[in-house]
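Beneath this line is the structure, given in structure tokens, with notes to follow.
Structural data, given as structure tokens:
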């Protein structure tokens with residue numbers, strides 16, 4: 080009986096080695112990337128503007144803005160989802176020169192900006208963000 084158990088144990092070990100060798104020889108698969116390609120949109124002006132709609136493929140995105148203010152200038156913008164009259168986000172009124180950004184959630188989707196500006200030149204870059 081001990082001899083049978085020894086043979087069974089050796090066969091089980093041999094079987095395990097064969098299975099592990101087969102599994103080790105299989106090609107390794109990389110997990111699929113869910114990253115979206117980065118998209119960028121650029122808008123600029125020196126007065127108010129409603130931008131053309133733009134598509135954001137990711138949940139989060141960044142709006143970088145640079146404002147060159149002069150005496151008595153004013154700047155602000157509001158983000159809307161296309162088809163909705165409800166603001167998604169907006170920046171506070173600016174009366175000074177500033178260069179910063181805001182992170183926005185609520186994507187993916189189609190959006191547009193309503194820029195209000197008087198006596199200030201501005202540039203806005205909208206960029207998708209992969210998590």
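Numbering (my numbering), first residue to last: 80 to 210.
For glycine and all other residues, C-beta sits at the position ideal for the given N, C-alpha and C.
In this text, all values refer to a predicted model and were calculated from it rather than measured experimentally.
field: Assigned exposure category for residue 152 - 16 Cβ within 10 Å defines buried
entry: Here the question's residue 152 lines up with position 73 in the chain shown. The residue in question, residue 152, is buried, as its Cβ has 16 or more Cβ neighbours within 10 Å.
- request: Inspect the CB distances between the stretch 185 to 204 and the stretch 124 to 134 and report whether three or more fall short of 8 Å.
  value: yes
Rounded straight-line distance, which links the Cα of residue 161 to that of residue 198: Locating residue 198 in the chain shown gives position 119, where the first residue counts as 1. Locating residue 161 in the chain shown gives position 82, where the first residue counts as 1. Taking the straight line from one Cα to the other gives about 28 Å.
field: Environment of residue 186 [buried if 16+ CB atoms lie within 10 Å]
entry: Position 107 of the chain shown holds residue 186. Counting C-beta atoms within 10 angstroms of its own C-beta, residue 186 has 16 or more neighbours from the protein chains shown and is therefore classed as buried.
task: List the residues that DSSP assigns as beta-bridge partners of residue 142.
output: Position 63 of the chain shown, counted from the first residue, corresponds to residue 142. Note: residue 142 sits in a beta bridge opposite 181 and 205.
message: Rounding to the nearest angstrom, what Cα-Cα distance links residue 203 and residue 173 in this structure?
response: Here residue 203 corresponds to residue number 124 of the chain shown, with the count starting at 1. Here residue 173 corresponds to residue number 94 of the chain shown, with the count starting at 1. Going by the C-alpha atoms only, they are around 14 Å apart.
query: Quick one: Cα of residue 205 to Cα of residue 141, how far?
result: Here residue 205 is taken as the residue at index 126 of the chain shown, counted from 1. Here residue 141 is taken as the residue at index 62 of the chain shown, counted from 1. Cα to Cα, the separation comes out at about 6 Å.
Helix, strand or coil at residue 166 [DSSP, three-state]: Counting from one through the chain shown, the residue named residue 166 turns up at place 87. In the structure shown, residue 166 sits in a strand (DSSP, three-state: E or B).
message: For residue 150 and residue 176, what's the separation of their Cα atoms in angstroms?
response: By 1-based counting over the chain shown, the position of residue 150 is 71. By 1-based counting over the chain shown, the position of residue 176 is 97. Cα to Cα, residue 150 sits roughly 10 Å from residue 176.
- prompt: Considering only C-alpha positions, which residue in the set 164, 184 and 146 is nearest to residue 171?
  reply: The residue you call residue 171 lines up with position 92 of the chain shown. For residue 171, the nearest C-alpha among the options comes from 146.
Short Cβ contact (8 Å threshold) for residue 182 with residue 144: What you label residue 182 is simply residue 103 of the chain shown in a count that begins at 1. What you label residue 144 is simply residue 65 of the chain shown in a count that begins at 1. It is not a contact, given that the beta carbons lie outside the stated cut-off.
field: Length of the line joining the Cα atoms of residue 156 and residue 127
entry: Along the chain shown, read from residue 1 onward, the residue named residue 156 stands at position 77. Along the chain shown, read from residue 1 onward, the residue named residue 127 stands at position 48. Whole-angstrom Cα-Cα distance: 9 Å.
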